[in-house]
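Q: Below you'll find the structure I mean.
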Amino acid sequence: MDEPDFQVRPVTAATWPDLERLFEGRGGPKYCWCMAWRPMANRASARNADRKAALQARLAEGVPIGLIGYVAGEPAAWCSVGPRERFTRLRPDQDQAEAGIWAVTCFFIRREHRGRGLTGKLLEAAADYARAQGGTVLEAYPVDPESPSYRNMGFRSLYADHGFEEVGRAGSRRHVVRRALAGPRPSHTASQGGGEGGAG
């Protein structure tokens, strides 16, 4: 089943209250505020409120933090996307001097909207957003369906359906996939994607 009335907007000061509603609603990822891969002071002792404040501080600094998906005008989905150098904990071997690389690090879809193709739509919106901001490559870190962790990063099949190619590994479970952002969108099949339920 598709969601016909689906729109995607960047997180800005104006849309931040919508992200709060999404994250703090039932089943939302208010426990992490998507700070797992972003640098943060006093991480070990940080509380939920500290993580929220840290993410909001990135936004206030003008750092792109992600996209909100809306169904019938209500916040229903999240995709964490931004310049890869802002996610310093992703890959210990990543080349920070490599320019133009953007990273998708998390999806969250409200339970009642899962299984309707929103992850794939968010992924395409993330590619468009990165391209518009000057990104040349979009990188992601999916897992296999049987993985017990990192499922919020999406499954490999989602990215394969959207023209990503595997280029390496990040740890024992995460694959590294990439898609060049120049040129037309690749053709793809509809994918349910997986990884819709959590955030990191």
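First residue of the sequence shown? That's 0 in numbering that gives the first Met the number 0, and the numbers climb one at a time after it. Glycine included, each C-beta is placed from N, C-alpha and C at the ideal position. Note that the coordinates shown come from a computational prediction; the quantities given were computed from them, not determined experimentally.
1. Examine the Cβ distances between the stretch 49-64 and the stretch 11-26 and report whether three or more of them are shorter than 8 Å.
2. If you count every other CB in all the chains shown that lies within 10 Å of the CB of G133, and 16 or more means buried, which is it?
3. For the alpha helix (DSSP H) holding R50, just list the boundary residues, first then last.
4. If you compare alpha carbons, which of L58, A71, E60 is closest to I6?
5. Between the beta-carbon of V166 and the beta-carbon of A139, is there less than 8 Å?
6. Please state the DSSP three-state secondary structure of R90.
7. Please return the same chain residues whose Cβ sits closer than 7 Å to the Cβ of M34, not counting the five positions on each side in sequence.
8. Can you find at least 3 beta carbon pairs, one from the stretch 58-74 and one from the stretch 137-153, that sit closer than 8 Å?
9. When the Cα atoms are used, what is the spatial distance from R172 to R37?
10. For D94, count neighbouring C-beta atoms within 10 Å of its own C-beta (all shown protein chains included) and say buried if the count is 16 or more, exposed if not.
11. Can you give the Cα-Cα distance for E84 and A98, rounded to whole angstroms?
12. Quick check: the Cα distance between A169 and A126, rounded to an integer number of angstroms?
13. To the nearest whole angstrom, what separates the beta carbons of R109 and G26, a pair I think is in contact under 8 Å?
14. Quick check: what's the CA-CA separation for H174 versus C105?
15. Between the Cα of D227 and the Cα atoms of V136, Y158, L137, which residue gives the shortest distance?
16. In this structure, how does DSSP classify G199 when only helix, strand and coil are distinguished?
17. Does the distance from the C-beta atom of P28 to that of F107 stay below 8 Å?
18. With DSSP run on the structure shown, which of helix, strand or coil describes F22?
A: Checking against the coordinates, here is how it stands:
1. yes
2. Here residue 133 corresponds to residue number 134 of the sequence shown, with the count starting at 1. Under this definition G133 is an exposed residue.
3. Here residue 50 refers to the residue found at position 51 when the sequence shown is read from its first residue. Looking at the DSSP string, the run of the alpha helix (DSSP H) that includes R50 is 47-59.
4. Here residue 6 refers to the residue found at position 7 of the sequence shown. The amino acid occupying residue 6 in the given sequence is Gln; Ile does not appear at that position. Out of L58, A71, E60, A71 has the C-alpha closest to the C-alpha of Q6.
5. Taking the sequence shown and counting its residues from 1, the one referred to as residue 166 is at position 167. Taking the sequence shown and counting its residues from 1, the one referred to as residue 139 is at position 140. 8 Å or more divides the Cβ of V166 from the Cβ of A139.
6. Translated into positions along the sequence shown, residue 90 becomes position 91. The answer is coil: DSSP assigns R90 none of H, G, I, E or B.
7. Position 35 of the sequence shown, counting from 1, holds the residue named residue 34. R50, A53, L54.
8. no
9. Counting from 1 along the sequence shown, the entry for residue 172 is found at position 173. Counting from 1 along the sequence shown, the entry for residue 37 is found at position 38. Going from the Cα of R172 to the Cα of R37 covers about 19 Å.
10. The sequence position of residue 94 within the sequence shown is 95, counting from 1. By the neighbour-count rule (16 or more Cβ atoms within 10 Å), D94 is not buried but exposed.
11. Looking up residue 84 in the sequence shown gives position 85. Looking up residue 98 in the sequence shown gives position 99. C-alpha separation (whole angstroms): 9 Å.
12. Sequence index remark: in the sequence shown, residue 169 carries index 170 (1-based). Sequence index remark: in the sequence shown, residue 126 carries index 127 (1-based). Straight-line Cα distance between these residues: approximately 21 Å.
13. As a position in the sequence shown, residue 109 is number 110, starting the count at 1. As a position in the sequence shown, residue 26 is number 27, starting the count at 1. Contact flag correct, Cβ pair sits at about 7 Å.
14. As a first step, residue 174 is located in the sequence shown; it is residue number 175 there, counting from the start. As a first step, residue 105 is located in the sequence shown; it is residue number 106 there, counting from the start. Distance between the alpha carbons of H174 and C105 is about 14 Å.
15. Only positions 0 to 199 of the chain appear in the structure, and residue 227 is not among them; the question remains open.
16. In the sequence shown, residue 199 corresponds to position 200, counting from 1. With a pLDDT of 47 at G199, under the threshold of 50, the modelled position of that residue is not reliable, and no figure is offered here.
17. In the sequence shown, the residue the question calls residue 28 occupies position 29. In the sequence shown, the residue the question calls residue 107 occupies position 108. Yes.
18. As a first step, residue 22 must be located in the sequence shown, where it is residue number 23. Correct three-state label for F22: helix.
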